[in-house]
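Okay, so the sequence shown: first residue is 1 according to our numbering, each after it adds one.
A virtual CB, placed ideally from N, CA and C, is assigned to each residue, including glycine.
This one's a predicted model, so the numbers in the text were calculated from it and none came from an experiment.
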Amino acid sequence: MTRLVFPEGFVWGAATAAYQIEGGVDARGRSIWDTFAHTPGKIDGGDTGDVAADHYHRYGADIALMRDLGLSAYRFSVAWPRVQPTGRGPANAAGLDFYERIVDELLGQGIAPMLTLYHWDLPQELEDVGGWAERDTAARFAEYAGLVAARLGDRVPGWTTLNEPWCSAFLGYASGVHAPGRTEPAAALRAAHHLMLAHGLGTLALRDALPASAEVSIVLNLAAVSPASPAAEDAARRIDGLANRIFLDPLFGAGYPADVLQDTAALTDWGFVHAGDESIIATPIDLLGVNYYSPTVVDLGEGEVDGPWPGCADIRTVTPAGPTTSMGWPIDARGLGEILARLRDDYPPIPIMITENGAAFDDVVADDAVRDSDRVAYLHQHLAVAHESLRKGVDLRGYFVWSLLDNFEWAYGYAKRFGIVHVDYASQRRLWKDSAYWYRDVIKANGINGMA
Ligand code: FCB
1 MTRLVFPEGF VWGAATAAYQ IEGGVDARGR SIWDTFAHTP GKIDGGDTGD
51 VAADHYHRYG ADIALMRDLG LSAYRFSVAW PRVQPTGRGP ANAAGLDFYE
101 RIVDELLGQG IAPMLTLYHW DLPQELEDVG GWAERDTAAR FAEYAGLVAA
151 RLGDRVPGWT TLNEPWCSAF LGYASGVHAP GRTEPAAALR AAHHLMLAHG
201 LGTLALRDAL PASAEVSIVL NLAAVSPASP AAEDAARRID GLANRIFLDP
251 LFGAGYPADV LQDTAALTDW GFVHAGDESI IATPIDLLGV NYYSPTVVDL
301 GEGEVDGPWP GCADIRTVTP AGPTTSMGWP IDARGLGEIL ARLRDDYPPI
351 PIMITENGAA FDDVVADDAV RDSDRVAYLH QHLAVAHESL RKGVDLRGYF
401 VWSLLDNFEW AYGYAKRFGI VHVDYASQRR LWKDSAYWYR DVIKANGING
451 MA
């Protein structure tokens, strides 16, 4: 069996997000996810993040678990309404204290904190005045970024502005399956721009407050898009524009792609992009985070009513034949390789980390164990592709499994389990799945077996 060894210093991590694990809602302001989850019919089973994995109270034990896994880094997010309960004004010291305890505990265990400022929990008061469809929200975000950096900048080495602006804009404001649940495609495009502006302004605010050694990044869920048939090639170009180039091109200084502006011209004239915005968005960053789960195949045909892609009612996504996870997402690691190769070929050089990758399966607890060989196989395949990408010259610095713990999977609630560690929500007991033992061994060996 060949061994695939990763470079020395390769970062092995796990990722979570505040609303998905923390609970502890009484100690913070309300976000759009509180409102959305408490709206009947929005979340499977009527679940909410009120308690979640109770990480707010159990972070110490959870960080001990990270140490036992051997993680070199932990990617987590700060709940904006803990820091600014209404999204504006001075920092709530108690909210920052909570994250300071987490950061200090991580550092004490030799785990590098990688802090995401926005993983979707916009303070409700900001949505009440228009949310991401309004330009002012970007300025509010920069202010918030500055407050967190002022407190934690001396000890957090890795900073991410936004997690997956595609989801915030297009699931939040076009399809409405995520908070705030709006189905307004034109507002979704405005939201996409204001999120990118927030990223740029936030990066500038972070640079002001952070030591030069701190690394600033954004995390994108890039899509490996392919047409189901030759007739769908232009559809694939349009989806690629809205999934990838709408974020990557301005980020790397090329401005918004002309074809995307043209494709969406019936919805908006893009007058919300002011002179100078694109150069703010292009403020240099140190690292690009890529989240990858499955490839995207598109065909011509009637799309969903209120689909996530503004102006694409004539395009539908199809699930190719083959294995899927319990989310119904196709399992195909080649898409990850395609995305990484594309970044290498089409954009300026930048260090990359895979900031999320993982899978939900219908786990069964039996004899105090979870034999999740399907998840192990999934992780193994994707790590093999990550290794191959390294050999092909991709500047890949690290890998974060999604997720450390089972958690509140947004619109799916607790029905979908992505953790390598099982959470029994009634008792809050943590139980290592086989995938956790497997990942621990991968980290220890800094490598995996070659694929058979
Ligand atoms: C990503 C999200 C993350 C998690 C995974 C499954 O889009 O960033 O919070 O829900 O999907």
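Residue i and residue j closer than 7 angstroms at C-beta
i	j	result
Leu195	Ala169	yes
Ser31	Pro180	no
Pro320	Pro310	no
Asp406	Arg391	no
Ala145	Ala79	no
Tyr74	Ile111	yes
Val260	His193	no
Leu189	Thr268	yes
Ala359	Tyr378	yes
Ser427	Arg375	no
Val298	Ile246	no
Arg82	Arg28	yes
Ala282	Gly253	yes
His119	Ser77	yes
Leu287	Glu215	yes
Ser403	Ala64	no
Ala52	Glu22	yes
Leu300	Ala235	yes
Glu233	Pro250	no
Pro295	Gly322	no
Ala231	Val318	no
Gly158	Met114	yes
Gln109	Arg67	yes
Residue interval of the beta strand (DSSP E) (run including residue i)
i	result
Met114	112-118
Met353	352-356
Leu220	215-220
Tyr59	Taken as a continuous stretch (DSSP letters only), Tyr59 belongs to no beta strand (DSSP E), being part of the alpha helix (DSSP H) at 55-69.
Asp424	421-424
Val11	11-15
Gly398	396-402
Trp432	429-432
Close beta carbons around residue i, own chain, < 7 angstroms, minus the five adjacent residues each side
i	result
Ile339	Leu222, Ala224, Val290, Tyr292
Gly202	Leu117, Phe141, Ala142, Ala145, Thr161
Asn244	Leu222, Ala223
Trp33	Tyr19, Gly49, Trp120, Asp121, Ala179
Ala266	Gly311
Nonlocal neighbours in the same chain, by C-beta distance under 8 angstroms from residue i, ignoring five residues either side
i	result
Ile534	No statement about residue 534 is possible, as the shown extent of the chain runs from 1 to 452 and does not include it.
Ala411	Lys42, Ile43, Asp44, Val177, His178
Gly70	Trp12, Arg440, Ile443, Lys444
Val129	Asp136
Val394	Leu340, Ala341, Leu343, Arg344, Ile352
Ala415	Asp44, Gly45, Asp47, Glu409
Arg429	Val423
Residues of its chain near residue i, where Cβ-Cβ distance is below 6 angstroms and the 5 sequence neighbours each way are ignored
i	result
Gly87	Pro123, Glu125, Leu126, Arg140
Thr324	Pro330
Lys433	Val370, Asp372, Ile420, His422
Trp438	Val376
Phe6	Asn446, Gly447
Leu220	Phe247
Glu453	No answer is possible for residue 453: the residues shown for the chain start at 1 and end at 452.
His199	Thr161, Leu162, Ile218
Where the alpha helix (DSSP H) through residue i begins and ends
i	result
Pro250	246-251
Glu409	Here Glu409 belongs to no alpha helix (DSSP H), and DSSP marks it neither H nor E.
Arg75	First-last for Arg75: 73-77, but that is the beta strand (DSSP E), not the alpha helix (DSSP H).
Arg237	233-240
Phe141	136-152
Met196	185-209
Pro81	80-83
Gln109	First-last for Gln109: undefined, no H or E at that position.
Val51	From DSSP, Val51 is part of no alpha helix (DSSP H); its letter is neither H nor E.
Tyr347	Tyr347 -> no alpha helix (DSSP H), and no H or E assigned at all.
Asp259	258-263
Glu278	277-281
Ala179	Note, Ala179: premise wrong, no alpha helix (DSSP H); not H, not E.
Ala243	Segment: none, Ala243 is in no alpha helix (DSSP H) and carries neither H nor E.
Which residues DSSP lists as bridging residue i, in chain order
i	result
Ala366	Ala369
Val298	Pro227, Thr317
Arg334	DSSP output for Arg334 lists no bridge partner at all.
Phe361	Partner(s): none; Phe361 has no beta bridge.
Thr160	Thr116, Ser217
Ile448	Leu4
Asn291	Glu356
Pro123	Ser31
Thr324	Pro330
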